[in-house]
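Structure first, then comments.
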Amino acid sequence: MAKVERQAPKPSAGVYNRMAVLRADRGLSRQQLADALDINYQTVGFIERGDYAPSLELALRICELFELPMEAIFSLRPLTPLSEILSGQSPLEATRG
Amino acid sequence: MSAIGPKQPTASSARQTKSRRWRRRQIIATYASYAVAMILESIRGHATLGSEARQVLFSAWGLAVLAFIVSLVWLVAPSVRYGLSSRSYRQPAPAELKMLRDQGVSAKQAHAMLSRPADERQRAIAEHARAVSYQILAPVVTFFAAYLIYAPRLLRNVWLPSTEIEQVGLLAGFVLLFSSLPAAVIAWSEPDPVPDDLA
Chain S
30 MAKVERQAPK PSAGVYNRMA VLRADRGLSR QQLADALDIN YQTVGFIERG DYAPSLELAL
90 RICELFELPM EAIFSLRPLT PLSEILSGQS PLEATRG
Chain X
770 MSAIGPKQPT ASSARQTKSR RWRRRQIIAT YASYAVAMIL ESIRGHATLG SEARQVLFSA
830 WGLAVLAFIV SLVWLVAPSV RYGLSSRSYR QPAPAELKML RDQGVSAKQA HAMLSRPADE
890 RQRAIAEHAR AVSYQILAPV VTFFAAYLIY APRLLRNVWL PSTEIEQVGL LAGFVLLFSS
950 LPAAVIAWSE PDPVPDDLA
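Chain order of the listed sequences is S and X.
According to my numbering, the first sequence is numbered sequentially starting from 30.
According to my numbering, the second sequence is numbered sequentially starting from 770.
Laid out in structure tokens, this is it:
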């Protein structure tokens, strides 16, 4: 069977990010993350959906908060899903065993 | 360890925000009602009407003015929520409000705690709205100035603001346009709120 490539939709702001998965991983609501970053909760949603690319200053603050390097959170190219990185195989391959 | 910890969930202010379609109707209603009020005022000043027709015209004028005032308030309010203001306010959840009250925090202090300066996205929206407003206003003002200068020379029977009310109304219309257009641009262009944003 041919391998199915999962292509993330191109964000309108042009920057891919892992904000949503990292926030979920920390068990935070958008409001809590917004409070920690001193921004509006809607801005968190805009960034997560790729509708807004944060400034360098805000991106650095996000990296500091999640204690991760910039390239782990933001990228100009589609990011590999974290589950794929952790398991070493794509989710589709994992479900096929 | 992360500098943030779980907190109380907050109420959705997104629910209070109206849809883009609704906001667009408000914008059209604001400017249309002002234009209607000015046209009716101009007719009242120029046309010879009976007392009954004058009464009907006055009622229509009153309705247009009322519609204008109400829609102007509704037009400006969502745009302030969307970031035209230099500060943004977060609506607290009832539980959060109760907790603050139990801690002896006054309403004024609570308001100060829950409001913060507009963030970079909100400032960018406001700046973009001002830039778009300028792009709209520049041709409008240029066209109208050209009309006032050249229309009486080139055309016959053109409308010109002749009475004091028409002149003041026109000037007030430009003041309204200058002051409210950035708010209107924001209210027109911002997408519908995503209910998921407070998840």
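Note that the Cβ used here is the ideal one computed from N, Cα and C, for glycine as well.
Rounded C-alpha distance that separates residue i from residue j
i        : j        : result
S/Ala101 : X/Pro962 : 29 Å
S/Glu86  : S/Gln61  : 19 Å
X/Thr799 : X/Ile808 : 14 Å
S/Leu111 : S/Asn46  : 12 Å
S/Ser41  : S/Tyr81  : 7 Å
X/Leu883 : X/Val805 : 41 Å
X/Glu959 : S/Glu77  : 17 Å
S/Thr109 : S/Asn69  : 28 Å
X/Ala822 : X/Phe943 : 30 Å
X/Ala914 : X/Trp957 : 27 Å
X/Gln824 : X/Val834 : 15 Å
X/Val909 : X/Tyr903 : 10 Å
S/Lys39  : S/Pro107 : 8 Å
S/Gly79  : S/Thr72  : 10 Å
X/Ser788 : X/Pro861 : 21 Å
X/Arg793 : S/Leu115 : 47 Å
X/Arg870 : X/Gln936 : 53 Å
S/Asp54  : X/Leu906 : 48 Å
X/Ala941 : X/Ala895 : 23 Å
X/Val725 : X/Ala881 : Shown here, chain X extends from 770 to 968; a query on residue 725 of chain X therefore has no answer.
Residue i vs residue j beta-carbon contact at 8 Å
i        : j        : result
X/Ala836 : X/Ser811 : no
X/Val954 : X/Ala893 : no
X/Thr932 : X/Gly814 : yes
X/Pro930 : X/Leu939 : yes
X/Ile796 : X/Leu844 : yes
X/Arg890 : S/Phe75  : yes
S/Ile91  : S/Pro83  : yes
S/Ala65  : S/Leu94  : yes
X/Ser949 : X/Leu841 : yes
Where residue i sits in the DSSP three-state scheme
i        : result
X/Arg925 : coil
S/Ser104 : strand
X/Pro775 : Confidence at X/Pro775 is low in this model, with a pLDDT of 38, below 50, so its placement is unreliable and the value that follows should be read with caution. In this structure, X/Pro775 counts as coil in the three-state DSSP scheme.
Beta-carbon neighbours of residue i, restricted to chain B and to distances below 7 Å
i       : result
S/Tyr81 : The question asks about chain B, but that chain is absent: this structure's protein chains are S and X.
Contact between the segment 865-879 of chain X and the segment 38-55 of chain S: three or more CB pairs below 8 Å? No, the segment 865-879 of chain X does not touch the segment 38-55 of chain S.
I want to know whether the segment 918-930 of chain X touches the segment 103-112 of chain S - three or more CB-CB distances under 8 Å. No, because fewer than three Cβ pairs between the segment 918-930 of chain X and the segment 103-112 of chain S fall closer than 8 Å, the two stretches do not touch.
Where are the beta strand (DSSP E) runs, 3 residues long or more, that stay fully inside the segment 828-910 of chain X, in chain order? You should have 856-858 and 884-886.
Which complete beta strand (DSSP E) runs does the segment 51-84 of chain S hold, if anything under 3 residues is left out? Within the segment 51-84 of chain S, no complete beta strand (DSSP E) run reaches 3 residues.
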